[in-house]
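Here the sequence shown is numbered in our numbering, starting from 824 and rising by one per residue.
Take a look at the structure below.
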Amino acid sequence: MLIAAFPAGPLAANCYVAAPEAGAECVVVDPGQDAAQGVAELLGEHDLTLSAVLLTHGHFDHVWSATELSETYGVPVCVHPGDRALLTDPAKGLDPGLAGQLSALLGEVDMVEPPRLEELAGGEKLSYAGLEFAVEHVPGHTPGSVAYALAAGEDHPQVLFTGDLLFAGSIGRTDFPGGDHPAILRSLEQVCRDHPDDTAVLPGHGPQTTIGRERADNPFLRETPDR
Ligand SMILES: [Zn+2]
Ligand SMILES: [Zn+2]
824 MLIAAFPAGP LAANCYVAAP EAGAECVVVD PGQDAAQGVA ELLGEHDLTL SAVLLTHGHF
884 DHVWSATELS ETYGVPVCVH PGDRALLTDP AKGLDPGLAG QLSALLGEVD MVEPPRLEEL
944 AGGEKLSYAG LEFAVEHVPG HTPGSVAYAL AAGEDHPQVL FTGDLLFAGS IGRTDFPGGD
1004 HPAILRSLEQ VCRDHPDDTA VLPGHGPQTT IGRERADNPF LRETPDR
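Structural data, given as structure tokens:
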């Protein structure tokens, strides 16, 4: 298993490249602002061929380069329908203050949908690049947030791409439009229940963690969801 990553854009959203090995096909998870060049460098460095782009949610700092990659490499972009509208209207996912700053942050850019787009339902398995990803709908940070789970292999534990659901010692914010705090607590409970302790958690921002560490230390796991 080969997983490489770099933080993209001013909000340092983690962009991941995952492949069975060097010289193989790969997927990209969350290509954010100006990530296309970093992706191209990793593809070149490890002799990889891009097969698909997986989005954990629709916030611009995670999806910014998805259309460019889809156009350049002719690959599909996978997104949950709950966040699809954010691909072409990033301000929709932000409070008015931040939405106002968006054009300053991003410049005047016309956001268009990727030429190939696949809607996720949650609960399905995606096969790309010789890897099988279980898709888990984990709403709360946004309505269409998903996590992607890669089964454990001979050389690695289970791997979980959590987007902005779960960070090391924290969770994503829920004060943007579409955010839902009780829902993110339920989603957090779900992933901590459904994955073994040694699962490698690769979050949307900040350092890697494990499910075991989060189960022990994440303060939000102690909050009782308001059902
Ligand atoms: Zn986000
Ligand atoms: Zn983010």
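C-beta: ideal position from N, C-alpha, C; glycine also.
Every value quoted in this text rests on a predicted model; they were computed, and no experiment measured them.
Shown here for Q856: same chain residues with a beta carbon closer than 8 Å to its own, the five before and five after excluded, namely A831, G832, P833, L834, A836, F883, D884, W887, S888, L929 in chain order. When the beta-carbon positions are compared, G1027 and F990 come within less than 9 Å of each other. Between the segment 958-972 and the segment 990-1002 there are three or more C-beta pairs closer than 8 Å, enough to call the two in contact. E942 and R996 do not touch by the CB rule: their CB atoms are close to 25 Å apart, not below 8 Å. Any heavy atom of ligand 1 counts here; residues with a Cβ closer than 5 Å to one of them, in chain order, are H882, D987. By the Cβ-count criterion, P966 is buried, with 16 or more other Cβ atoms from all chains shown falling within 10 Å of its own Cβ.
Every beta strand (DSSP E) stretch that sits fully inside the segment 885-955 and reaches 3 residues is listed by chain position as 900-902, 940-942, 948-951. For F999, the three-state secondary structure derived from DSSP is coil.
Checking the 8 Å criterion, the Cβ of A836 is within range of a heavy atom belonging to ligand 2.
The alpha helix (DSSP H) runs of length 4 or more contained entirely in the segment 1019-1043 are, from start to end of the chain, 1034-1040. Three or more Cβ pairs closer than 8 Å define a contact, and the segment 897-917 falls short of that threshold against the segment 859-868. DSSP links I994 through a beta bridge to L989. Burial state of P938 is exposed, judged by a 10 Å Cβ sphere holding fewer than 16 other Cβ atoms. Close CB contacts of V1024 within its chain, under the 7 Å cut and outside five residues either way in sequence, are with L983, T985, L989, Q1031, T1032, T1033, I1034, E1037 (chain order). Between T879 and V969, the gap from beta carbon to beta carbon is short of 9 Å.
Not one heavy atom of ligand 2 falls within 8 Å of the beta-carbon of G916. Ranked by Cα distance from E955, the options L973, L940, G946, A944 are led by L973.
Within its own chain, the residues whose Cβ lies closer than 7 Å to the Cβ of A1006, once the five positions on either side in sequence are excluded, are P962, G963, listed in chain order.
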